[in-house]
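Participant:
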Amino acid sequence: MSEIVTTGADSAAATGRATAASATVDLDVWEIVIGLEVHAELATRTKLFSSATNEFGQEPNTHIDPLTLGLPGSLPVLNEQAVELAIRVGLALNCTVQRSVFARKNYFYPDQPKDYQISQYELPINAEGWLELPSGQRCGIERAHLEEDTGKSTHIGGGGRIHDAQYSLVDLNRAGVPLLEIVGKPDLRSGDEARAYVSELRSILVAVAASDGKMEEGSMRVDCNVSVRRRGDDELGTRCEIKNINSLRSLGRAVDYEAARQVDLITAGDRVVQQTRHWNEEDGRTHTLRNKEEADDYRYFPDPDLVDLDPDPAWIERVRAALPLLPAARRHRLADATGSSLEQTALIVERGLDELCLAAVAVGADPARTLTHAEHNLSDERAVSLDPSAFAELVGLEVGGQLTATQAKQVLAEMVSSGRSPADIAAERGFEAMESSELEGLVDGLIAEHPDEWQRFCAGDGKITGFFVGKVMKATQGKADGKAVTALLNARTG
Amino acid sequence: MAARITPDDVAKVANLARLRLTDDELDRFTHQLSDILDHAADIEALDLAGVEPMARPVPLANVFRPDVPGTPLDRDEVLDAAPAHEDGLFRVPPVLGEAP
Amino acid sequence: MTGPGATTARDIAAGVRAGELSAVAVLDAHLERVGLREADIHAFNHLTEAAARATAATIDARVSSGDDPGPLAGVPVALKDNLCTHGVPTTCSSRILEGWCPPYDATVVTRLAAAGAVAVGKTNLDEFAMGSSTENSAFGPTLNPHDLSRVPGGSSGGSAAAVAAGFAPVALGSDTGGSIRQPAALCGVVGVKPTYGTVSRLGLVAFGSSLDQIGPFSTTVADAALVLEVIGGHDPGDSTSIPAPFPSVSDHLDDGVAGLRVGIITEMMGEGIAADVAARVRASADALAAAGATVEEVSVPAVMYGLSAYYLVAPAEASSNLARYDGVRYGLRVDAPTTGEMMERTRTAGFGDEVKRRIMLGTYALSAGYYDAFYGKSLRVRTLIRQDFDAAYERFDVLLSPTSPTTAFPLGDKTADPLQMYLNDVCTIPTNLAGHPAMSVPYGVGDDGLPVGVQVLAPALGEVAMFRTAAVLEGSLS
Numbered sequence: 000m001s002e003i004v005t006t007g008a009d010s011a012a013a014t015g016r017a018t019a020a021s022a023t024v025d026l027d028v029w030e031i032v033i034g035l036e037v038h039a040e041l042a043t044r045t046k047l048f049s050s051a052t053n054e055f056g057q058e059p060n061t062h063i064d065p066l067t068l069g070l071p072g073s074l075p076v077l078n079e080q081a082v083e084l085a086i087r088v089g090l091a092l093n094c095t096v097q098r099s100v101f102a103r104k105n106y107f108y109p110d111q112p113k114d115y116q117i118s119q120y121e122l123p124i125n126a127e128g129w130l131e132l133p134s135g136q137r138c139g140i141e142r143a144h145l146e147e148d149t150g151k152s153t154h155i156g157g158g159g160r161i162h163d164a165q166y167s168l169v170d171l172n173r174a175g176v177p178l179l180e181i182v183g184k185p186d187l188r189s190g191d192e193a194r195a196y197v198s199e200l201r202s203i204l205v206a207v208a209a210s211d212g213k214m215e216e217g218s219m220r221v222d223c224n225v226s227v228r229r230r231g232d233d234e235l236g237t238r239c240e241i242k243n244i245n246s247l248r249s250l251g252r253a254v255d256y257e258a259a260r261q262v263d264l265i266t267a268g269d270r271v272v273q274q275t276r277h278w279n280e281e282d283g284r285t286h287t288l289r290n291k292e293e294a295d296d297y298r299y300f301p302d303p304d305l306v307d308l309d310p311d312p313a314w315i316e317r318v319r320a321a322l323p324l325l326p327a328a329r330r331h332r333l334a335d336a337t338g339s340s341l342e343q344t345a346l347i348v349e350r351g352l353d354e355l356c357l358a359a360v361a362v363g364a365d366p367a368r369t370l371t372h373a374e375h376n377l378s379d380e381r382a383v384s385l386d387p388s389a390f391a392e393l394v395g396l397e398v399g400g401q402l403t404a405t406q407a408k409q410v411l412a413e414m415v416s417s418g419r420s421p422a423d424i425a426a427e428r429g430f431e432a433m434e435s436s437e438l439e440g441l442v443d444g445l446i447a448e449h450p451d452e453w454q455r456f457c458a459g460d461g462k463i464t465g466f467f468v469g470k471v472m473k474a475t476q477g478k479a480d481g482k483a484v485t486a487l488l489n490a491r492t493g
Numbered sequence: 000m001a002a003r004i005t006p007d008d009v010a011k012v013a014n015l016a017r018l019r020l021t022d023d024e025l026d027r028f029t030h031q032l033s034d035i036l037d038h039a040a041d042i043e044a045l046d047l048a049g050v051e052p053m054a055r056p057v058p059l060a061n062v063f064r065p066d067v068p069g070t071p072l073d074r075d076e077v078l079d080a081a082p083a084h085e086d087g088l089f090r091v092p093p094v095l096g097e098a099p
Numbered sequence: 000m001t002g003p004g005a006t007t008a009r010d011i012a013a014g015v016r017a018g019e020l021s022a023v024a025v026l027d028a029h030l031e032r033v034g035l036r037e038a039d040i041h042a043f044n045h046l047t048e049a050a051a052r053a054t055a056a057t058i059d060a061r062v063s064s065g066d067d068p069g070p071l072a073g074v075p076v077a078l079k080d081n082l083c084t085h086g087v088p089t090t091c092s093s094r095i096l097e098g099w100c101p102p103y104d105a106t107v108v109t110r111l112a113a114a115g116a117v118a119v120g121k122t123n124l125d126e127f128a129m130g131s132s133t134e135n136s137a138f139g140p141t142l143n144p145h146d147l148s149r150v151p152g153g154s155s156g157g158s159a160a161a162v163a164a165g166f167a168p169v170a171l172g173s174d175t176g177g178s179i180r181q182p183a184a185l186c187g188v189v190g191v192k193p194t195y196g197t198v199s200r201l202g203l204v205a206f207g208s209s210l211d212q213i214g215p216f217s218t219t220v221a222d223a224a225l226v227l228e229v230i231g232g233h234d235p236g237d238s239t240s241i242p243a244p245f246p247s248v249s250d251h252l253d254d255g256v257a258g259l260r261v262g263i264i265t266e267m268m269g270e271g272i273a274a275d276v277a278a279r280v281r282a283s284a285d286a287l288a289a290a291g292a293t294v295e296e297v298s299v300p301a302v303m304y305g306l307s308a309y310y311l312v313a314p315a316e317a318s319s320n321l322a323r324y325d326g327v328r329y330g331l332r333v334d335a336p337t338t339g340e341m342m343e344r345t346r347t348a349g350f351g352d353e354v355k356r357r358i359m360l361g362t363y364a365l366s367a368g369y370y371d372a373f374y375g376k377s378l379r380v381r382t383l384i385r386q387d388f389d390a391a392y393e394r395f396d397v398l399l400s401p402t403s404p405t406t407a408f409p410l411g412d413k414t415a416d417p418l419q420m421y422l423n424d425v426c427t428i429p430t431n432l433a434g435h436p437a438m439s440v441p442y443g444v445g446d447d448g449l450p451v452g453v454q455v456l457a458p459a460l461g462e463v464a465m466f467r468t469a470a471v472l473e474g475s476l477s
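Protein sequence lines, in the order shown, are assigned to chains A, B and C. Read in order, the letters of the first sequence are residues 0 to 493 in numbering that gives the first Met the number 0. Read in order, the letters of the second sequence are residues 0 to 99 in numbering that gives the first Met the number 0. Read in order, the letters of the third sequence are residues 0 to 477 in numbering that gives the first Met the number 0.
This is the structure:
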């Protein structure tokens, strides 16, 4: 007689009860493995297989045609521009662009008007690529394929939650909009890396004008596969798919929570059950949905209403030739030109200020100071229009000692807002660097006037520095260089 | 394919296809589907490893449409044909469960 | 002949265009016949009498003002009820679409109208085109005009009967496994399935997408050619549409068959084919030989596997094509507390047995673990069939076979056993799998006095040779 053993832990795992996860995972013991699936809405005028328009936020059910409604007799015809954009993204992700086949994914759902989705299964248009994170680390891309979007359901009654609704309403405006599903390899190892990946992917999508990549608007959607394993293990752990992640911040939180949940389960002797889980932003946990009776069998088969997609090499080359310089390449270019680290260039490239910096450096601006200003003092979006020579001049004034760091920052801010030259602005504000002898005289005078404070400074009270610097600043109306003052004070203690 | 289709198989497949069968229908359909699949034993016996599958008979590839909007259908006409609608939306009973 | 007795589409159109015939008068003559016999035959699901009269009147007015309404001016045409007609019920003879009116026209419907044709109504069919007798219609069968106790064939039984009964000189049907040719044979009319991709499927309610083609029924070979030239040719709205105009067949109808190489398909003349049917096929072969063709037997071995492959491929595609009938956006809805249950109750109530059978068969053939053995294997058998046909067409220009194994059978004869019904299509199915054209030409009667059709087959885009042969056969009877 066979024995069926059910442990309490198994049943807990089976019901997917959310466990109280530890705050953080011990990364000396555990490795977190993350693979991301990103769906990006392509910026075409019309839908993937029909001439209904692709527009966000319009009156419900106004962008409809027979195919969008799944009417009897309707037929799909492929949007050439969607293919162009798919090729662009594929090349930008270093994929092979190949012959591909559209397949039907069969399942019933009210926002799926044909009760099947036209997608790509065995042969996707783009395969085997990678992208480079700002850290320089590469993450593999398994595939990026074309598929139709679904319509949208809203659930009425029961607070909008699906399980308590009285009825549902379906808008098919979005049904049939072109999506590119980008499947990343499980090469990511932390919530931060996951966020960096999504951020980078978004930058690429925007750079090639394939999508506007707005997570909050739903034009870019992220699902996250998370598993854990003991460090040193080769085999991957059982993964869970996390859905309903609507921002980068949620992504990081969801990864951290889920990894901890899985580690807790395993540590307690339970198994991780492979399942789809929902991220709940309010309670900060992932939850299983109501158990499905059986896994969906999608019965994929090649769509007989469509023919093979086999872009000719000439088309692919045209797209490749027209690609803009991508973010990773821009980071490398800036790092190479300035001798800086890749990380330092990331924010600058993200802001689109790399060309400005390169041009400034090209006319002699000090690379380090140029980058520092770009990173810390040029968050205004008008900075992109700064004249590189003027920027270089500003940096030169600071490096040459005519402006203090503080002054340079102020002048720069006004250059951005007014477009005037650094020399004019500096003169108008009366910024001149102080003669060092004048400064020494001031410092000596203050030391003499405030012996108690001076005693404390000599005794090593670092906080008292501010007292002296403040006095100097007041006396010079801010023209003094704080660092120089501190240096003089220190010299006097000797 | 040598094994006939079982009532369990038929029940599963009916469920996948959103069809509900009476017990009598389940029996009858199992029997009939078995007969049809039995007939297909002739192709089961063929060794077709070297033969390419033909999904469609036209040797076409790369058929496209320009990214130009067409005339949308009249929403009123479409909703008039709908079993239930509200505020320009298709209305359905509560949907349990998320989409796959 | 033109004039009031004109019965062919060619003659009617010529007469109307010349101002010698009134489209309204032509319509009236046909509607009178409808009035006399339709109650017995039940060819139509829906008659569009008022609209037809308006169209006919417009055509007469255009002719009066010197305008040319087109090559089918004033020709009454019946449309199979799985062709979308804007604002006119399109039911596919199913409860699930009862009363549903499409908001758009099928391409072929638009092209017929642009050519001046007068649509008189929507004809009965086996539900969703699944059947060989029109007994699977949810609205009752159509009866064979030659013998009301017998079936007209299917699935386009209504269109075949409409032409046979003189309700319209031409009609459109659809053919997935023989659904034009077999009823044409049983009703003693011409029926053509053109090369896959030559007639747009946009607006044809899909059954087996890689097999379906729309084609004409007519009383003459020339009329079938005329209709195909109007409805055929590239449609950018159908991705599987061949980017070329329809072959101009009409110009070659009188070319004859001297020197043409004709092959009688061995595998379609053996066991399972009624002796009287086989005899008519041999007689037709003799007629072609007498007209100067060389006639031999040819083996196309893979056609023996056609039935098995077809009854996996077609249901597989159908199971997916018919998923959309879920009660959400149009058609029948049977209410329930949840959407899942609503879909289930709707489909259970809305579909008949044969449709359910094929949906389940197709779902099974595609399901996880079975795909390679069933659907996948069938697609390879398809290649085999194509290869064997290609080999035959290296030695022959056209092939010959029976269209249907028997003459029209009595109602109820084959409804108990689905497999028995499927065997009606053994001769027609292989051409759908190969994507080739084929047509049925009436060629005398069987021992029971009922019509027999001979099937002429040709390679892809071989319509000219096919029609030349059919024209000679037609001529050999008069």
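Idealized CB from N, CA, C, for every residue including glycine.
So, is the C-beta of Glu343 (chain C) closer than 7 Å to a C-beta in chain B?
Facilitator: Translated into positions along the third sequence, residue 343 (chain C) becomes position 344. True, the Cβ-Cβ gap to chain B drops below 7 Å.
Participant: Count the other C-beta atoms from every protein chain shown that fall within 10 angstroms of the C-beta of Lys192 (chain C), then say buried if there are 16 or more, exposed otherwise.
Facilitator: As a first step, residue 192 (chain C) is located in the third sequence; it is residue number 193 there, counting from the start. The residue in question, Lys192 (chain C), is buried, as its Cβ has 16 or more Cβ neighbours within 10 Å.
Participant: Suppose you measure from the CA of Ser208 (chain C) to the CA of Ser50 (chain A); what does that come to, to the nearest Å?
Facilitator: Within the third sequence, numbered from 1, the residue matching residue 208 (chain C) stands at position 209. Within the first sequence, numbered from 1, the residue matching residue 50 (chain A) stands at position 51. Each residue's Cα considered, the two are about 21 Å apart.
Participant: Is the beta carbon of Val256 (chain C) closer than 7 Å to that of Leu227 (chain C)?
Facilitator: Locating residue 227 (chain C) in the third sequence gives position 228, where the first residue counts as 1. Locating residue 256 (chain C) in the third sequence gives position 257, where the first residue counts as 1. Cβ atoms of Leu227 (chain C) and Val256 (chain C): not closer than 7 Å.
Participant: Are the C-beta atoms of Gly202 (chain C) and some chain A residue less than 7 Å apart?
Facilitator: Taking the first residue of the third sequence as 1, we reach residue 202 (chain C) at position 203. Chain A, which has a Cβ nearer than 7 Å to the Cβ of Gly202 (chain C), makes this yes.
Participant: Out of curiosity, what's the CA-to-CA distance linking Ala8 (chain B) and Arg19 (chain B)?
Facilitator: As a working note, residue 8 (chain B) is residue 9 in the second sequence. As a working note, residue 19 (chain B) is residue 20 in the second sequence. Here residue 8 (chain B) turns out to be Asp, not Ala, going by the sequence shown. So the alpha carbons of these two residues sit roughly 14 Å apart.
Participant: Compare the C-alpha of Tyr166 (chain A) against each of A:Leu178, A:Asn172, A:Gly175, A:Thr153 and name the closest.
Facilitator: In the first sequence, residue 166 (chain A) corresponds to position 167, counting from 1. Comparing Cα-Cα distances from Tyr166 (chain A) to each of A:Leu178, A:Asn172, A:Gly175, A:Thr153, the minimum goes to A:Thr153.
Participant: At what residues does the beta strand (DSSP E) containing Tyr374 (chain C) begin and finish?
Facilitator: Indexing the third sequence from 1 puts residue 374 (chain C) at position 375. Segment: none, Tyr374 (chain C) is in no beta strand (DSSP E) and carries neither H nor E.
Participant: Please confirm if the region 242-253 of chain C is in contact with the region 370-377 of chain C, defined as three or more CB-CB distances below 8 Å between the two stretches.
Facilitator: Output reads no: the region 370-377 of chain C does not touch the region 242-253 of chain C.
Participant: Work out the CA separation of Val440 (chain C) and Ala464 (chain C) for me, nearest whole Å.
Facilitator: Walking along the third sequence from the start, residue 464 (chain C) turns up at place 465. Walking along the third sequence from the start, residue 440 (chain C) turns up at place 441. Going by the C-alpha atoms only, they are around 14 Å apart.
Participant: Please check if any C-beta of chain A sits within less than 7 Å of the C-beta of Pro82 (chain B).
Facilitator: Along the second sequence, one-based indexing puts residue 82 (chain B) at 83. So no, Pro82 (chain B) is outside the interface.
Participant: For Pro235 (chain C), return the contacting residues in chain B, with the cut-off set at a CB-CB distance below 8 Å.
Facilitator: For this step, residue 235 (chain C) is matched to residue 236 along the third sequence. Those within 8 Å of Pro235 (chain C) in chain B are Arg64.
Participant: Please confirm if Gly87 (chain B) has its CB atom under 7 Å from at least one CB of chain A.
Facilitator: In the second sequence, the residue the question calls residue 87 (chain B) occupies position 88. For Gly87 (chain B), the answer is yes, since a Cβ of chain A falls inside 7 Å of its Cβ.
Participant: Against chain A, which members of the region 33-57 of chain B pass a CB distance test of less than 8 Å?
Facilitator: Answer in chain order: Ala54, Arg55, Val57.
Participant: Would you say the region 412-422 of chain A touches the region 455-464 of chain A, given that touching needs at least three Cβ pairs under 8 Å?
Facilitator: With a cut-off of 8 Å, the region 455-464 of chain A and the region 412-422 of chain A do not count as touching, because too few Cβ pairs lie within range.
Participant: At what residue ranges does the region 70-100 of chain A contain a whole run of the alpha helix (DSSP H), taking only runs of 4 or more?
Facilitator: The qualifying runs are 79-91.
Participant: Counting pairs of Cβ atoms below 8 Å between the region 396-410 of chain C and the region 271-290 of chain C, do you hit three or more?
Facilitator: Counting Cβ pairs under 8 Å, three or more are found: they touch.
Participant: Determine which residues share a DSSP beta bridge with Leu35 (chain A) and list them.
Facilitator: The count along the first sequence starts at 1 and reaches residue 35 (chain A) at position 36. A:Cys223, per the DSSP bridge assignment.
Participant: Taking the alpha carbon of Glu36 (chain A) as the reference point, which residue from A:Val468, A:Cys138, A:Met414, A:Tyr299 has its own alpha carbon closest?
Facilitator: As a working mapping, residue 36 (chain A) is identified with position 37 in the first sequence. The option with the nearest alpha carbon to Glu36 (chain A) is A:Cys138.
Participant: Determine, for Pro99 (chain B), whether the minimum Cβ-Cβ distance to residues of chain C falls below 7 Å.
Facilitator: Locating residue 99 (chain B) in the second sequence gives position 100, where the first residue counts as 1. For Pro99 (chain B), the answer is no, since every Cβ of chain C falls outside 7 Å of its Cβ.
Participant: Whose Cβ in chain A lies nearer than 8 Å to the Cβ of Arg19 (chain B)?
Facilitator: If you number the second sequence from 1, residue 19 (chain B) lands on position 20. Near Arg19 (chain B) there are no residues of chain A at all, since even the closest Cβ is about 14 Å away, more than 8 Å.
Participant: Determine whether the Cβ of Leu25 (chain B) lies closer than 7 Å to any Cβ atom of chain A.
Facilitator: Start at 1 with the first residue of the second sequence, and residue 25 (chain B) comes out as number 26. Closer than 7 Å: no.
Participant: Which of the three DSSP states, helix, strand or coil, is assigned to Asn279 (chain A)?
Facilitator: Translated into positions along the first sequence, residue 279 (chain A) becomes position 280. Correct three-state label for Asn279 (chain A): strand.
Participant: Please decide whether Tyr103 (chain C) counts as near chain A, where near means a Cβ-Cβ distance under 7 Å.
Facilitator: Working through the third sequence from its first residue, we reach residue 103 (chain C) at position 104. Yes, Tyr103 (chain C) counts as interfacial toward chain A.
Participant: Return the CA-CA distance between Ala277 (chain C) and Asp250 (chain C), expressed in angstroms with no decimal places.
Facilitator: For the purposes of this step, residue 277 (chain C) is taken as the residue at position 278 of the third sequence. For the purposes of this step, residue 250 (chain C) is taken as the residue at position 251 of the third sequence. The alpha-carbon atoms of Ala277 (chain C) and Asp250 (chain C) are separated by roughly 31 Å.
Participant: Just the chain C side, please: which residues come within less than 7 Å of Phe107 (chain A) by C-beta, in chain order?
Facilitator: The residue you call residue 107 (chain A) lines up with position 108 of the first sequence. Simply Ala322, Asp325, Met342.
Participant: Taking DSSP's pairing of strands, which residues face Thr287 (chain A) in a bridge?
Facilitator: Indexing the first sequence from 1 puts residue 287 (chain A) at position 288. A:Arg276, per the DSSP bridge assignment.
Participant: For Phe48 (chain A), does the three-state DSSP call read helix, strand or coil?
Facilitator: Here residue 48 (chain A) refers to the residue found at position 49 of the first sequence. Note: Phe48 (chain A) maps to coil in three-state DSSP.
Participant: Mind listing which residues of the region 285-318 of chain C have their C-beta closer than 7 Å to chain A's C-betas, in chain order?
Facilitator: Here the close residues are Ala315, Glu316.
Participant: Could you name the residues of chain B that Leu360 (chain C) contacts, counting a contact when the two beta carbons are closer than 7 Å?
Facilitator: Here residue 360 (chain C) refers to the residue found at position 361 when the third sequence is read from its first residue. Here the neighbours are Leu32, Ile35.
Participant: Are Leu168 (chain A) and Asn60 (chain A) close, meaning C-beta to C-beta below 7 Å?
Facilitator: Residue 168 (chain A) sits at position 169 when you count from the first residue of the first sequence. Residue 60 (chain A) sits at position 61 when you count from the first residue of the first sequence. No. Outside cutoff.
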